[in-house]
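S.K.: Protein chains in written order, with our numbering: chain A, 1 to 322; chain B, 1001 to 1236; chain C, 2001 to 2535.
We put the beta carbon where it would ideally sit given N, CA and C, even for glycine.
Attaching a single structure in structure tokens format; questions to follow.
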Amino acid sequence: MNILKNLPLFPEQASTVAGQVDALYFFALAITAFFTILIATLVVVFAIKFKRKSDAEFGVPEKTSLPLEITWSVIPLIIVMVLFVWGAKLYITIMRPPADAVEYHAVGKQWMWKFQHPEGNREINDLHVPAGQPIKITMTSEDVIHSLFFPAFRVKTDVLPGRYTQLWFEATKPGTYHIFCAEYCGAEHSRMIGKVHVMAPADYEAWLAGREPGKKLASGEELFQTLACVTCHAGDATARGPLLANLDGGEVQLNSGRTLVRDDDYLRESILNPTAKVVAGYTPLMPSYDGQVTEEQIIELLKYLKQINQVGPQAGAPTGSP
Amino acid sequence: MSSSAHAPNLAHHFESYEQQRESASLGMWLFVAQEIMFFGGLFTAYLVYRINNPEIFKMASSELNIYQGGINTAVLILSSLTMALAVREAQLGRSKRIVALLVATFILGGVFVGIKYFEYSAKFEHHLVPGEHFDLHLNAEELAYLEKVGITDQAKIQSRAQMFFSIYFAMTGLHALHMLVGMALIIWLIPKAWRGVFNADYHNPVECFGLYWHFVDIVWIFLFPLLYLLGRNIGA
Amino acid sequence: MENQKNYLNASYGWKSWLLTLDHKRIGVLYLISITFYFLLGAVFAAFIRLELATPAGDLVQPATYNRLFTNHGVIMIFFFLVPSIPAFLGNFLLPLMIGARDVAFPRLNLASWYILNIGAVFAVWSLAQGGVDTGWTFYTPFSTAFSNGAVMTAAVGVFITGFSSILTGVNFLVTIHRMRAPGMTWFRLPLFIWGLYATSLIFVLGTPVLAVTILMVALERGLGLGIFNPALGGDPVLFQHLFWFYSHPAVYIMILPGMGVISEIVAAFARKRVFGYKFVAYASLGIAVLGFFVWGHHLFVSSQSAYAGIVFSVLTMLVAIPSAIKTFNWTATLYKGSVSWETPMLYAIGFMGLFAIGGLTGVMLAIMGFDIHVHDTYFVVAHFHYIMVGGAIMAYMGGLHYWWPKMFGRMYSPFWSKLSALLVFVGFNLTFFPQFIVGYLGMPRRYHAYPEEFQVFNVLSSAGATVLGAGYLLPMVYFAYSLFAGQKVGKNPWGAVGLEWETESPPPPLNFDEIPTVDFDAYDYVGKAKEAQVV
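In structure tokens, the structure reads:
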């Protein structure tokens, strides 16, 4: 009996969109239930009421009724269009992170989730987040397609190798909820699960403070030095590498004449395949860091790069000499 | 297919030669429709990757020999002419001419496949077959052009060029396979034609095969410009 | 009468069956094949439900479980559901229903059967090689670069089998266009034929795209070409687009013939023409055409752009409307009908309710904001089983029970058949309804082990599967029994209207003594009241 008392029928609502998704669900469910019961009832009632009484009995054919056909075409059409519009709007809400969302990172690999907090804390298969804060998770895969799924938040997005994808949520209710991988990824797919811990902001601060220093990754700033980026991207007139400023969404012109927006994919490519796209006025000198930085280190570097602002005259035309 | 003395080559489930002919023709058109969808998947993949890597694909494409490709195009168009004439002769029941035209079509098909063989051998020699030994050799001029458009990463050039050749071999290979099947079918048709089986009432096999052959020709007419010709003479 | 030759006893021996050109015999050959593949797929299902009865993955290894669900899907879809109604019932009945002696291309028809089984040999061989573990969807790069299952063998099997569909589609389209009896105009055709026509369009235009996509997967896996592998510059989402371009229309392949069967059963067992005949006919075509433009609803969370998603969502909503039209028309057919409660009608009634649930949950899945939460959960699994099992297989069973006496000249036990129908209905709902709930709770699909709080629903589901299994096994017994000891029937055991009921049961080898001239509309119980007597 205890089982029945605690039987969950719906997951907890632990994010700002969860209630919206559930509302849409209940509406759609009501429509489904209505039409199913309508059809089932009519069918059964007709089958009973018009049950054949003798072998010689025939049915009474009805004339085709265009008004009837139109009615039961148009009414469902209106209903599904309502569902479509509501669903599309909700989708846009769920897929577009707000501007003030704090960026976390995640790397999926067979068969674990590696999370990185903005200030560098790393967790594996667990994720502690503060309530009341919009959080976006930028993520990639090291191998096959995975999918990051928080049922309590009602959000899910596939995690792809070779690209970044994003999901966002704002947790509302402190508690512990499931994390699942929702795209079949091999042998231990069902064990690629974890727990997200939503905490009141004060508790979250306390948790952060109590973290052991050893779990912190070298910051992007430290990596910038230790990986010798600073030698070419020195930020002065003689620098062999372009000035690093406005890297988060700013525009850049390449040698080919193309102009593009500097996003995470571009920055990541510039570290791993630096000669693929070269800034206008510079020669392709930068060595590739492919194999020398981990995904987590790239994430730290990107965080650093997006907020540094080297000022100074651009080195301009190549002087032709390394 | 059962036949009776007074209605040779009329299958028992058809009421008339006309019904049989129209059925065969419709069936063949439907088969061609599905072949279009079949090749369509590869065309889609090619277009997607071409749009994403225009310069490297152009470089890779310029490794193809347009003279061999061009001659092959002419050969195939000519073979479609001989095949169309063969269908005409089959409708008129002129056995000797049917055979001659089928043989001509076969020979032209053979020329196509032969030239393809030389093309493919050249690819092998120049290390342009995807796999371990793939190595696209670019001269200084070509490298400079790529550098000008911002592409200098050798690994990326090789991998995208390899993508081009993967799709090139998949598409032309699939096409060549269809040619070979066609040539085998001509071998099957020739004895029938020789024996005088085909006439105004019954020439379905020739007509249906003609349709197939024209389709294979048309696939090449799409392949040739898309693979060989697009973007030529840039960087020169 | 009893000494008259029918297609079953006209000739004997292996060769007369394995080299037959008679569409009726080919239909029976298909019956034997698909029944075997159904049992194979069901064995895998049994193991899946057995494993999932407990939260821990303790019955089989994870790698084994992954092979179980993959092979369950591959075999059930490609070797049972896709051929089931078209290749078995369709082959048998199409010429009879249009007044022809055979299909347009009998040899191609036989070849289709052989091709299906050759493909199946490869699929079974892949099992012997240890099985495939990619899911029936073969997503890259897992299938091309990471899986150590027998992907190539399975891919070859699916590739080959596809041509069985394509050739059947060509055959049916030409037959319907060119071989109708005199007087059989398009709008006098039984709706089952319209359903087969629409299905055949998808067979011909959709299946080749699967073939070439599987070919590219095989090239990538076998030759290391980087078409879908991001490590080599490829795009794994391109695979998803190409795969679903076929696989979405494929689901309409699986339901359109079933809808055609339901039209036939409803008309015959209400002794009344189908209400809104033309609307139902056009709706079949509408579903087939629209079905080609909605594949992106499988990619809402795949990184597909929101704009593309919006287009696919609205089109998916549109494709639901023709299905709704059909359901309302069937319901209206029963109004003032003369409704018999024979087994085929029981299956049709079950179909109507279950298809409503399956179809409407499909509409729910087309709601983008909702799909994010339930994509790749058991909600989706429940939805498609409601359509494919609650819909397609119920329709198949209904058709099997409706036309069995025509095909074999024998009637089966009404009691056992009605009991089986009840078991199937109850077992089915018990198996799959809890999956909607546990899916919304968040249980992902293809999970070998799951959190404890999902157990109750899984236990219900597994219990239901047992009842469902019993419901499917019983017919094998009573049908087999009927072949030897069932009551013999005449031309028209149900008192129905249709050309197939105007010839002997079982039909003679050439179907009709004389090709009929058709002068009546489909289901004309008024004009053909004399013929629509039990005989």
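Name the chain C residues whose beta carbon is nearer than 9 Å to that of S1023 of chain B?
M.R.: Residue 1023 of chain B sits at position 23 when you count from the first residue of the second sequence. Simply A2104, F2105, V2174, T2175, H2177, R2178, M2179.
S.K.: According to the Cβ coordinates, are T140 of chain A and V155 of chain A closer than 8 Å?
M.R.: For this step, residue 140 of chain A is matched to residue 140 along the first sequence. For this step, residue 155 of chain A is matched to residue 155 along the first sequence. Not a contact, by the Cβ cut-off of 8 Å.
S.K.: Should N1052 of chain B be labelled buried (16 or more other beta-carbon atoms within 10 Å of its own) or exposed?
M.R.: Taking the first residue of the second sequence as 1, we reach residue 1052 of chain B at position 52. Label assigned to N1052 of chain B: exposed.
S.K.: Just the chain C side, please: which residues come within less than 7 Å of R52 of chain A by C-beta, in chain order?
M.R.: For the purposes of this step, residue 52 of chain A is identified with residue 52 of the first sequence, where counting begins at 1. By Cβ distance, chain C contributes S2338, V2339, S2340.
S.K.: Any idea what DSSP makes of P2141 of chain C, helix, strand or coil?
M.R.: To locate residue 2141 of chain C, count along the third sequence from 1; it is residue 141. It is coil, neither helix nor strand.
S.K.: Which residue from A:Q310, A:V102, A:I70 puts its Cα closest to that of P2322 of chain C?
M.R.: Translated into the one-based positions of the third sequence, residue 2322 of chain C becomes position 322. When each option's Cα is compared against that of P2322 of chain C, the closest is A:I70.
S.K.: To be precise: take each residue of the segment 1143-1159 of chain B, compare its Cβ to all Cβ atoms of chain A, and keep it if any distance is under 8 Å. Which residues remain?
M.R.: E1147, K1148, V1149, G1150, I1151, T1152, D1153, A1155, K1156
S.K.: Where are the alpha helix (DSSP H) runs, 4 residues long or more, that stay fully inside the segment 2141-2207 of chain C, in chain order?
M.R.: 2151-2178
S.K.: With which residues is L148 of chain A paired in a DSSP beta bridge?
M.R.: Position 148 of the first sequence, counted from the start, is the residue given in the question as residue 148 of chain A. According to DSSP, which records beta bridges pairwise, L148 of chain A is partnered with A:T157, A:C181.
S.K.: Does the segment 2153-2173 of chain C touch the segment 1020-1039 of chain B, meaning 3 or more C-beta pairs lie closer than 8 Å?
M.R.: Touching, per the Cβ criterion.
S.K.: Using a Cβ cut-off of 8 Å (strictly closer), state whether L2441 of chain C contacts chain A.
M.R.: Locating residue 2441 of chain C in the third sequence gives position 441, where the first residue counts as 1. So, interface residue.
S.K.: Identify the contact partners of H1175 of chain B in chain C, using a Cβ-Cβ distance below 7 Å as the criterion.
M.R.: In the second sequence, the residue the question calls residue 1175 of chain B occupies position 175. Per Cβ cutoff of 7 Å: no residues; H1175 of chain B is ~13 Å from chain C at best.
S.K.: Just to confirm, is the Cβ distance from S2302 of chain C to V2237 of chain C under 8 Å?
M.R.: On the third sequence, position 302 is the one that residue 2302 of chain C refers to. On the third sequence, position 237 is the one that residue 2237 of chain C refers to. Contact: yes.
S.K.: Enumerated in chain order, which unbroken segments of the alpha helix (DSSP H) with a length of 4 residues or greater are wholly contained in the segment 2323-2403 of chain C?
M.R.: 2343-2366, 2368-2374, 2378-2387
S.K.: Does the beta carbon of G1235 of chain B sit closer than 8 Å to a beta carbon anywhere in chain A?
M.R.: Looking up residue 1235 of chain B in the second sequence gives position 235. For G1235 of chain B, the predicted model reports a pLDDT of 45, less than 50, meaning its position is unreliable; a value from the coordinates is still stated below. So no, G1235 of chain B is outside the interface.
S.K.: Would you give the residue range spanned by the beta strand (DSSP E) that G2073 of chain C belongs to?
M.R.: Working through the third sequence from its first residue, we reach residue 2073 of chain C at position 73. Run containing G2073 of chain C: none in the beta strand (DSSP E); it sits in the alpha helix (DSSP H), 2062-2074.
S.K.: What is the residue span of the alpha helix (DSSP H) that G1105 of chain B lies within?
M.R.: In the second sequence, residue 1105 of chain B corresponds to position 105, counting from 1. With the sequence shown as reference, residue 1105 of chain B is identified as Thr, and Gly is not the correct amino acid for it. Here the alpha helix (DSSP H) through T1105 of chain B covers 1095-1125.
S.K.: Going by DSSP in three states, R163 of chain A sits in which element: helix, strand or coil?
M.R.: Here the question's residue 163 of chain A lines up with position 163 in the first sequence. Correct three-state label for R163 of chain A: coil.
S.K.: According to DSSP, F2507 of chain C sits in a beta bridge with which residue or residues?
M.R.: In the third sequence, residue 2507 of chain C corresponds to position 507, counting from 1. The sequence given here has Pro at residue 2507 of chain C, not Phe. Paired residue(s): none; P2507 of chain C is not in a bridge.
S.K.: Please say whether L227 of chain A and Y304 of chain A have beta carbons closer to each other than 8 Å?
M.R.: Sequence index remark: in the first sequence, residue 304 of chain A carries index 304 (1-based). Sequence index remark: in the first sequence, residue 227 of chain A carries index 227 (1-based). Contact: no.
S.K.: K2326 of chain C: buried (16+ other C-beta within 10 angstroms of its C-beta) or exposed?
M.R.: The residue labelled residue 2326 of chain C in the question sits at position 326 within the third sequence. Classification of K2326 of chain C: buried, given that the 10 Å Cβ count is 16 or more.
S.K.: Just the C-alpha distance for G2469 of chain C and A2485 of chain C, rounded to the nearest angstrom, thanks.
M.R.: Sequence index remark: in the third sequence, residue 2469 of chain C carries index 469 (1-based). Sequence index remark: in the third sequence, residue 2485 of chain C carries index 485 (1-based). Taking the straight line joining both Cα atoms gives about 25 Å.
S.K.: Is the CB of R2101 of chain C under 8 Å away from at least one CB in chain B?
M.R.: The residue you call residue 2101 of chain C lines up with position 101 of the third sequence. By this cut-off, R2101 of chain C is an interface position.
S.K.: With DSSP as the reference, identify every bridge partner of F169 of chain A, one or two as the case may be.
M.R.: As a position in the first sequence, residue 169 of chain A is number 169, starting the count at 1. Per DSSP, A:I135.
S.K.: Anything in the segment 2180-2209 of chain C with a Cβ closer than 8 Å to a Cβ of chain B? List those residues in chain order, please.
M.R.: V2204, L2205, G2206, T2207, P2208, V2209
S.K.: What residue does the alpha helix (DSSP H) around T36 of chain A start on, and which one ends it?
M.R.: Position 36 of the first sequence, counted from the first residue, corresponds to residue 36 of chain A. Boundaries of the alpha helix (DSSP H) around T36 of chain A: 18-49.
S.K.: Of the residues that make up the segment 2319-2337 of chain C, which ones have a beta carbon closer than 9 Å to any beta carbon in chain A?
M.R.: Within the segment 2319-2337 of chain C, the residues whose Cβ lies closer than 9 Å to any Cβ of chain A are, in chain order, A2320, I2321, P2322, A2324, I2325, T2327, F2328, N2329, W2330, T2331, A2332, T2333, L2334, Y2335, K2336, G2337.
S.K.: I need the boundaries of the beta strand (DSSP E) containing Q110 of chain A, first residue and last residue.
M.R.: The sequence position of residue 110 of chain A within the first sequence is 110, counting from 1. It is not in any beta strand (DSSP E) - Q110 of chain A carries neither H nor E in the DSSP assignment.
S.K.: List the endpoints of the continuous alpha helix (DSSP H) containing T1073 of chain B.
M.R.: Position 73 of the second sequence, counting from 1, holds the residue named residue 1073 of chain B. Run containing T1073 of chain B: 1066-1092, per the alpha helix (DSSP H) assignment.
S.K.: Mapping the DSSP letters down to three states, classify N1955 of chain C as helix, strand or coil.
M.R.: With chain C represented from 2001 up to 2535, any question about residue 1955 of chain C goes unanswered, as that position is not in the structure.
S.K.: May I ask you to list the residues that DSSP assigns as paired with P2444 of chain C?
M.R.: Counting from 1 along the third sequence, the entry for residue 2444 of chain C is found at position 444. Answer is C:T2377, bridged to P2444 of chain C.
S.K.: Does any C-beta atom of chain B lie closer than 8 Å to the C-beta of V2170 of chain C?
M.R.: Residue 2170 of chain C sits at position 170 when you count from the first residue of the third sequence. Yes, contact with chain B.
S.K.: Would you say the segment 1175-1184 of chain B touches the segment 1109-1118 of chain B, given that touching needs at least three Cβ pairs under 8 Å?
M.R.: yes
S.K.: Does the distance from the C-beta atom of S190 of chain A to that of A2270 of chain C stay below 8 Å?
M.R.: Position 190 of the first sequence holds residue 190 of chain A. Position 270 of the third sequence holds residue 2270 of chain C. No; because the gap between Cβ atoms is not below 8 Å, this pair is not in contact.
S.K.: For F2047 of chain C, go through chain A and note every residue whose CB falls closer than 9 Å to its CB, in chain order.
M.R.: For this step, residue 2047 of chain C is matched to residue 47 along the third sequence. At a C-beta separation below 9 Å, F2047 of chain C has no neighbours in chain A, since its nearest C-beta there lies roughly 16 Å away.
S.K.: When the Cα atoms are used, what is the spatial distance from A373 of chain A to P201 of chain A?
M.R.: The shown model of chain A, from 1 to 322, leaves out residue 373 of chain A, and the question about it has no answer.
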